[in-house]
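Here my numbering is used: position 67 in the sequence shown is 1190, and no number is missing along the way.
Where is the CB? At the ideal position from N, CA and C, for every residue including glycine.
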Amino acid sequence: MAKWIKSINEMKRIIKSYKKNGKTIGFVPTMGYLHEGHISLIRCAKKENDIVIVSIFVNPLQFGENEDLDKYPRDIKRDLTICNNEGVNIVFNPSYEEMYPEDYKTYVVVEDITEGLCGAYRPGHFKGVTTVVTKLFNIVKPDRAYFGKKDYQQYIVIKQMVKDLNMDIEVIGCPIVREHDGLAMSSRNKYLSSEERKSAVSLSKALFHAKNLFEKGETNPLTIKKEIEKIILSYPKVKKIQYIEIIDPKTLKPVSKLKKGDIIALAVFVGDTRLIDNIEL
Ligand code: AMP
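Shown next as C-alpha cells:
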C-alpha cells in the first residue's frame, strides 16, 4: 500500500529514515488526475530507485489569473489506487496552506529560457513551477526526479535550475505518451467535448507530418511552420494557434535552419482548452 501523506514534517521524518538505511529515492512530481503519461514516469522511477514517491499538488502559483486552476480535474481516490497498483511507496499530497503558509515570501526564478514558448503567454508560470519543485525537492530529497518531455520547456528549465543551484539530483526526461490516435496524454484532455477531442488530434498529426517533411529534406522553418498551421487550422474545433516554434533543444531559441535533434513545439486552443505538444526531429 502506498502511504498517503499530507504533512511536510511527516514526509521529512520518513525520508530521513530511508536515507539512513541507504535507500535511493525516485521522485515524480504531478498535479494528479493521473494517466498513462504519469504512469510511465512512475515505472521509470520504479526501475531505477529503491523508493518511489509521487507528489500530487495542484500548485496555484503556476496558474495565471484567467487559467483553469478552479476547474483543474482532481480525483485523489483514483490516483491513490493507481499509485497502489504501480507499487508507489508514498503519495505526498500537501494542502495549499501546508506548502504556502500565510507568511510565505520566497520564490525561485530561472531566467532567459523561461521567457519564450509557454513562458511568453503564461507570465509567472515557470516561477511557480520552479518554486514548487524546489520546495518539493527540499522535502523529498530525491536522488532522481522524473519529468515528461510533453512539457519540454519545463523539463529544460528544471534541469537548468538543478545545475545552477547545485542540487544533487539527477533530472530524467521521459518520452511523451500518446493516445492511439497520437494525441499527447494530458489531464486537460478531460475538458474536451467529443467534437473537440476529434480536433485535438490536429497537434500530433501536424507534428508527425512536419517531422516527415524534415526527414525528406525540408530544413526551412518557415515552410515547416506554414505546413503545420495549414493542418491544424483545417480542424473545425481549433479556436486558435498560440505558437508554433522550432527551437534548439538546449537553448530553446528558434533555429534558422532545421537540424536533427531540434524540437518543434506548439500550443493550440481546441475550444477553450489549451493543449501543448512537441516532437524531436
Ligand atoms: P502534470 O500532472 O500535468 O503536472 O504532469 C506531471 C508530470 O507528468 C510532468 O513531468 C509532465 O511532463 C508529465 N507528463 C504529463 N503528460 C505526459 C505525457 N503524455 N507523456 C509523458 N509525460 C507526461
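Between Pro1246 and Lys1272 the beta-carbon gap is near 23 Å, outside 8 Å, which marks them as no contact. By the beta-carbon neighbour count (other beta carbons within 10 angstroms, threshold 16), Met1124 is exposed. Going down the chain, each residue whose beta-carbon is closer than 6 Å to a heavy atom of the ligand AMP shows up: Thr1153, Met1154, Gly1160, His1161, Ser1163, Leu1164, Phe1270, Gly1271, Lys1273, Asp1274, Cys1297, Ile1299, Val1300, Ala1307, Met1308, Ser1309 and Ser1310.
Per DSSP, reduced to three states, the secondary structure at Gly1271 is strand.
By the Cβ-count criterion, His1303 is exposed, with fewer than 16 other Cβ atoms from all chains shown falling within 10 Å of its own Cβ. Counting only runs that start and end inside the stretch 1128-1208, the beta strand (DSSP E) elements of at least 3 residues fall at 1148-1153 and 1174-1179. Put simply, the backbone Cα of Glu1319 is about 41 Å away from that of Met1134. Each residue's CA atom was taken as its position, placing Ser1309 and Leu1164 some 13 Å apart. Asn1182 and Gly1340 have their C-alpha atoms spaced approximately 43 Å apart. The beta-carbon separation of Ile1295 and Cys1167, rounded to 7 Å, stays under the 8 Å limit for a contact. Within its own chain, the residues whose Cβ lies closer than 8 Å to the Cβ of Leu1315, once the five positions on either side in sequence are excluded, are Ala1323, Val1393, Gly1394 and Thr1396, listed in chain order. Excluding five sequence positions before and after Met1154, the CB atoms of its chain that fall closer than 6 Å to its own CB belong to Val1181, given in chain order. Beta-bridge partners assigned by DSSP to Ala1307: Arg1301.
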